[in-house]
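Notes for the one structure printed next.
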Amino acid sequence: MNSFNWVEGNGDIPDEVLDSAYETGAGKAICAVCEVSDELVRQGWPRLTWAFVDVPIRTMICRSTRQNISQYVVRWLPVDGAVFKEPN
Numbered sequence: 001m002n003s004f005n006w007v008e009g010n011g012d013i014p015d016e017v018l019d020s021a022y023e024t025g026a027g028k029a030i031c032a033v034c035e036v037s038d039e040l041v042r043q044g045w046p047r048l049t050w051a052f053v054d055v056p057i058r059t060m061i062c063r064s065t066r067q068n069i070s071q072y073v074v075r076w077l078p079v080d081g082a083v084f085k086e087p088n
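Going by the UniProt record's numbering, the residue at position 28 of the sequence shown is 28; the numbering climbs one at a time, nothing skipped.
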């Protein structure tokens, strides 16, 4: 299993993080803990939110609400998708 550094913003996905994506059946995804903006926190969201990157469309989706939170992500911490892959 790999560990990663925080990724600032919600732009490009680093190659080493992209390698940790797992298949969902509807495309690849990357698990992440996201730090969201003050704007979203004022709306009642926690500062850190469990989410996933929908890799084909490069969108950050909240795991709890299924909302697109891409525009509110300040930085995100990738979580190695190896824990979701089936053993060979």
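Glycine residues also receive a C-beta, built at the ideal position from the N, C-alpha and C atoms.
For P56, the secondary structure class from DSSP, reduced to helix, strand or coil, is helix. CA-CA distance, R66 to V36, rounds to 15 angstroms.
If you compare the alpha carbons of D54, R63, D80 and S64 with that of N10, the shortest gap goes to D54. Annotation: the continuous alpha helix (DSSP H) that includes R42 extends over D38 to R42. Between V73 and the set A51, D80 and A29, the nearest pair of CA atoms involves A51.
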